[in-house]
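Student: For the record, in the sequence shown the residue sitting at position 150 is 150 according to UniProt numbering, with numbers rising by one throughout. Even for Gly, the Cβ is constructed at its ideal location relative to N, Cα and C. This one's a predicted model, so the numbers in the text were calculated from it and none came from an experiment.
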Amino acid sequence: MLQRPLYPSDYIQVLQFTVVPLNPPPPHPSSKIANEPTRDRPLLSVHGSATFSPTRDRASFTVRSRAIASIGFPLVSSLMGTDSQNWHLDLSYDQWEALPVSGQRPGARYKHAATVFEEKLYITGGSRNGRYLSDFQVFDLKSLTWSTIKLNMETNDLKSKDAIPLEGFPATSGHSMIKWQTRLLLLAGLSKNTADRVTVWFIDLESHNCGVVETFGNVPVARSGQSVTLFGSKLIMFGGEDWNRRLLNDVNVLDLETMTWSAVETTQTPPTPRFDHVATLHAERYLFVFGGCSHSVFFNDLHVLDLETMEWSQPQVQGDLVTPRAGHAGVAVKGNWFIVGGGDNKSGALETLVINLSKLVVSVVTSVKGRDPLASEGISISSASLGGENFLVTFGGYNGKYYNEVFVMRVKPRDSLHPKILQSPAAAAAAASVTAAYALAKAESLDFPEKEDSNPKVIQVDNSQQDHSVEINSIKEEKKALELSLIEVTNEISALKTKIEETNGNYNELSKELHSVQGQLVAERSRCAKLEAQIGELQKMLESLPSLEEKVQALRAEKSAFERDMELAATVQSQRSGGIWKWVAG
Numbered sequence: 001m002l003q004r005p006l007y008p009s010d011y012i013q014v015l016q017f018t019v020v021p022l023n024p025p026p027p028h029p030s031s032k033i034a035n036e037p038t039r040d041r042p043l044l045s046v047h048g049s050a051t052f053s054p055t056r057d058r059a060s061f062t063v064r065s066r067a068i069a070s071i072g073f074p075l076v077s078s079l080m081g082t083d084s085q086n087w088h089l090d091l092s093y094d095q096w097e098a099l100p101v102s103g104q105r106p107g108a109r110y111k112h113a114a115t116v117f118e119e120k121l122y123i124t125g126g127s128r129n130g131r132y133l134s135d136f137q138v139f140d141l142k143s144l145t146w147s148t149i150k151l152n153m154e155t156n157d158l159k160s161k162d163a164i165p166l167e168g169f170p171a172t173s174g175h176s177m178i179k180w181q182t183r184l185l186l187l188a189g190l191s192k193n194t195a196d197r198v199t200v201w202f203i204d205l206e207s208h209n210c211g212v213v214e215t216f217g218n219v220p221v222a223r224s225g226q227s228v229t230l231f232g233s234k235l236i237m238f239g240g241e242d243w244n245r246r247l248l249n250d251v252n253v254l255d256l257e258t259m260t261w262s263a264v265e266t267t268q269t270p271p272t273p274r275f276d277h278v279a280t281l282h283a284e285r286y287l288f289v290f291g292g293c294s295h296s297v298f299f300n301d302l303h304v305l306d307l308e309t310m311e312w313s314q315p316q317v318q319g320d321l322v323t324p325r326a327g328h329a330g331v332a333v334k335g336n337w338f339i340v341g342g343g344d345n346k347s348g349a350l351e352t353l354v355i356n357l358s359k360l361v362v363s364v365v366t367s368v369k370g371r372d373p374l375a376s377e378g379i380s381i382s383s384a385s386l387g388g389e390n391f392l393v394t395f396g397g398y399n400g401k402y403y404n405e406v407f408v409m410r411v412k413p414r415d416s417l418h419p420k421i422l423q424s425p426a427a428a429a430a431a432a433s434v435t436a437a438y439a440l441a442k443a444e445s446l447d448f449p450e451k452e453d454s455n456p457k458v459i460q461v462d463n464s465q466q467d468h469s470v471e472i473n474s475i476k477e478e479k480k481a482l483e484l485s486l487i488e489v490t491n492e493i494s495a496l497k498t499k500i501e502e503t504n505g506n507y508n509e510l511s512k513e514l515h516s517v518q519g520q521l522v523a524e525r526s527r528c529a530k531l532e533a534q535i536g537e538l539q540k541m542l543e544s545l546p547s548l549e550e551k552v553q554a555l556r557a558e559k560s561a562f563e564r565d566m567e568l569a570a571t572v573q574s575q576r577s578g579g580i581w582k583w584v585a586g
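#1: So what's D204 in DSSP terms, helix, strand or just coil?
#2: Is N193 helix, strand or coil by DSSP?
#3: I'd like the list of long-range same chain contacts for D255, defined as Cβ closer than 6 Å, with 5 residues on each side in sequence excluded.
#4: In terms of residues, what are the limits of the beta strand (DSSP E) holding E351?
#5: Our contact map puts residue 635 next to G125 with C-beta atoms below 8 Å; I'd like the distance itself, whole angstroms only.
#6: Compute the beta-carbon to beta-carbon distance between G211 and L190, rounded to the nearest angstrom, for a pair I have assumed lies under 8 Å.
#7: Which stretch, first to last residue, makes up the beta strand (DSSP E) that contains E97?
#8: Does the beta-carbon distance from N491 to S313 come in below 8 Å?
#9: For the beta strand (DSSP E) that contains T145, what are its first and last residues?
#10: What's the gap between the Cα of G240 and the Cα of G292?
#11: Please state if the CB of G342 and the CB of V319 are separated by a distance shorter than 8 Å.
#12: In this structure, how does DSSP classify I236 when only helix, strand and coil are distinguished?
#13: Enumerate in chain order the residues of its own chain whose CB-to-CB distance from K401 is below 6 Å, with the five nearest sequence positions on each side excluded.
#14: Express the C-alpha separation of E214 and T182 in angstroms, rounding to a whole number.
#15: As a quick exercise: from V333, S296, A349, pick the residue whose alpha carbon is nearest that of L321.
#16: What is the rounded straight-line gap between the Cα of R197 and the Cα of P271?
#17: If you drop the 5 nearest sequence neighbours on each side, which residues of the same chain put their C-beta closer than 8 Å to that of M566?
#18: If we call anything under 8 Å between Cβ atoms a contact, is S385 one with V331?
#19: So, is M409 buried or exposed, given that buried needs 16 or more other C-beta atoms within 10 angstroms?
#20: Below 8 Å, how does it come out for the region 276-286 and the region 224-232: are there three or more Cβ pairs, yes or no?
#21: According to DSSP, simplified to helix, strand and coil, what is M177?
#22: Does the Cβ-Cβ distance between G396 and Y132 come in under 8 Å?
#23: Assuming L186 contacts I236 (C-beta within less than 8 Å), just tell me the rounded distance between them.
#24: Is V361 helix, strand or coil when you go by DSSP?
#25: Which residue or residues does DSSP assign as beta-bridge partners of W261?
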């Protein structure tokens, strides 16, 4: 029997069976969703019997004396048919479905790393309740089975003096994982034993060995919340947050052939420093960066880095409105960038977006309701190919609760367009100028020979028309150049606005810190004043010590004199007393 929470897209179709309902067991006392009505959805049609509408109450049914389902729980297995390996064929397009799984589920988590290779979803690390995780899990997308892989530590690749000690695979959160050949490469992230520079780990998928990869060159500072994108045989790392909470917007490249790091100098206006954003590669040339946040501002902007010219630009995007978000996840499928989850510290992002990277158009694929596992921060998304079709796979996340569910979406086939050349403003303006100059030069070099018996007036008219054509072309080119310049200015204004917002946010944070420091300073001044008063009183007491000592000496002298007088008086009295007795006796 499958017992899983009910999701909007779940439905059960049982054909040609006699269904006998049994008494439902009572809901678990700790369940927060027990007895809640379900969202609008199709009724459950059972052939040869009644028609049932699902509720979240668990009502078991038997089919020919064998229990097969629980009403109120997803029954994806009923959609699989006779071949359980082809369960994905009956899924609806562009809708999230929760998968029933077998095996030991991984612990719920967020800010983990995930990727799909050969129809298997690999999960590593993450965080839960402030504790970093170090397990390595694999989910078979054919059998829908979880299993844990025990890794063997290798030390052959550990040569860097700055590398962390190999006591075991590190418990890490906020890292990135990229598949390269037969290995998974893990970069950056938070862990207890963290070097000052980015550490690269490897996991061999064939031998299940793992270890630290020695890297060379200008190794970037350690960080988390960065984006890492595979570009040919190179990894491009952008942004993140270092251990001092300093936000970054630098670009670093790791050559996987030589394992050498290099810092890249870019031109034009880069994105503001940020972390927990997403990035992807398009047309083997453009690096797209979307969203993320600073310490006070959440972003919904889109930036493009031309990897040939290393120029940043911020293109205009059309389509649906996109809310600012951070902690989301993204994956590109044939020129379409799917983005899910994230939030702004107030609520989770409910929409699953798709950005057509050729047209630069944003669309909402589907939406969920609040507190849904898909509206979580720190969620992961990967793409998988099953039976020649593309599927999206998500895992984990946090939105007030940690999750370990697996959701899949069958991607609807979309038009594959030719990549759009996204020139930077400077390159576009230069191209327009060159085109206009070439058109004028070519027009001036044209030669129109006259026929012997032709009419000169006709020739003059033709030349005049040609001149007007050249002038029109020149004006058109100038207009294009002006339009490009206008776009450039608009982009610069937009970038300046973003910088102003960032500056205002930083100013507000600094103002709050200043007020806090001023309050602490006032308290310290008051305490110092009290200490100074106490010190003054002590100094006065110390100054009066000599006079006190003189008084003590005088009292001691008086005491000594008094004692001498007493002794003398006693002696005299004794002598007098002895004389009287002698007189009486005599």
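Tutor: To lay it out plainly:
#1: In the sequence shown, residue 204 corresponds to position 204, counting from 1. Three-state DSSP puts D204 in a strand.
#2: Here residue 193 refers to the residue found at position 193 of the sequence shown. If DSSP states are grouped into helix, strand and coil, N193 belongs with coil.
#3: If you number the sequence shown from 1, residue 255 lands on position 255. Once the five neighbours on either side are set aside, the close Cβ partners of D255 are K234.
#4: Working through the sequence shown from its first residue, we reach residue 351 at position 351. Run containing E351: 351-356, per the beta strand (DSSP E) assignment.
#5: For the chain, the structure presents residues 1 to 586; residue 635 sits outside this window and is missing.
#6: Position 211 of the sequence shown, counted from the start, is the residue given in the question as residue 211. Position 190 of the sequence shown, counted from the start, is the residue given in the question as residue 190. Between L190 and G211 the Cβ distance is about 20 Å, and since that is not below 8 Å, they are no contact.
#7: Sequence index remark: in the sequence shown, residue 97 carries index 97 (1-based). It spans 96-98 - the beta strand (DSSP E) in which E97 sits, taken as one unbroken run.
#8: For the purposes of this step, residue 491 is identified with residue 491 of the sequence shown, where counting begins at 1. For the purposes of this step, residue 313 is identified with residue 313 of the sequence shown, where counting begins at 1. Taking 8 Å as the Cβ cut-off, N491 and S313 qualify as a contacting pair.
#9: Taking the sequence shown and counting its residues from 1, the one referred to as residue 145 is at position 145. Looking at the DSSP string, the run of the beta strand (DSSP E) that includes T145 is 145-148.
#10: Residue mapping note: residue 240 aligns to position 240 of the sequence shown, counting from 1. Residue mapping note: residue 292 aligns to position 292 of the sequence shown, counting from 1. When rounded, the separation of the alpha-carbon atoms in G240 and G292 is 9 Å.
#11: Here residue 319 corresponds to residue number 319 of the sequence shown, with the count starting at 1. Here residue 342 corresponds to residue number 342 of the sequence shown, with the count starting at 1. Val is not the amino acid found at residue 319; the sequence shown has Gly there. Note that the C-beta distance between G319 and G342 is not below 8 Å.
#12: As a working note, residue 236 is residue 236 in the sequence shown. Correct three-state label for I236: strand.
#13: Taking the sequence shown and counting its residues from 1, one reaches residue 401 at position 401. Hits under 6 Å: none found.
#14: To locate residue 182, count along the sequence shown from 1; it is residue 182. To locate residue 214, count along the sequence shown from 1; it is residue 214. Their backbone Cα atoms lie some 18 Å apart in a straight line.
#15: As a first step, residue 321 is located in the sequence shown; it is residue number 321 there, counting from the start. When each option's Cα is compared against that of L321, the closest is A349.
#16: Working through the sequence shown from its first residue, we reach residue 197 at position 197. Working through the sequence shown from its first residue, we reach residue 271 at position 271. Going by the C-alpha atoms only, they are around 23 Å apart.
#17: Sequence index remark: in the sequence shown, residue 566 carries index 566 (1-based). Excluding sequence neighbours, M566 sits near nothing in its chain.
#18: Numbered from 1 along the sequence shown, position 385 holds the residue referred to as residue 385. Numbered from 1 along the sequence shown, position 331 holds the residue referred to as residue 331. Not closer than 8 Å, so no.
#19: Counting from 1 along the sequence shown, the entry for residue 409 is found at position 409. Buried, because 16 or more other Cβ atoms sit within 10 Å of the Cβ of M409.
#20: yes
#21: Position 177 of the sequence shown, counted from the first residue, corresponds to residue 177. In the structure shown, M177 sits in a strand (DSSP, three-state: E or B).
#22: Indexing the sequence shown from 1 puts residue 396 at position 396. Indexing the sequence shown from 1 puts residue 132 at position 132. No, Cβ-Cβ distance for G396 and Y132 is not below 8 Å.
#23: Here residue 186 refers to the residue found at position 186 of the sequence shown. Here residue 236 refers to the residue found at position 236 of the sequence shown. The pair is not a contact, with the Cβ atoms about 16 Å apart (cut-off 8 Å).
#24: Taking the sequence shown and counting its residues from 1, one reaches residue 361 at position 361. Reduced to three states, the DSSP call for V361 is strand.
#25: Stepping through the sequence shown from its first residue, residue 261 is reached at position 261. DSSP, once it has assigned bridges, lists G217, L254 as partnering W261.
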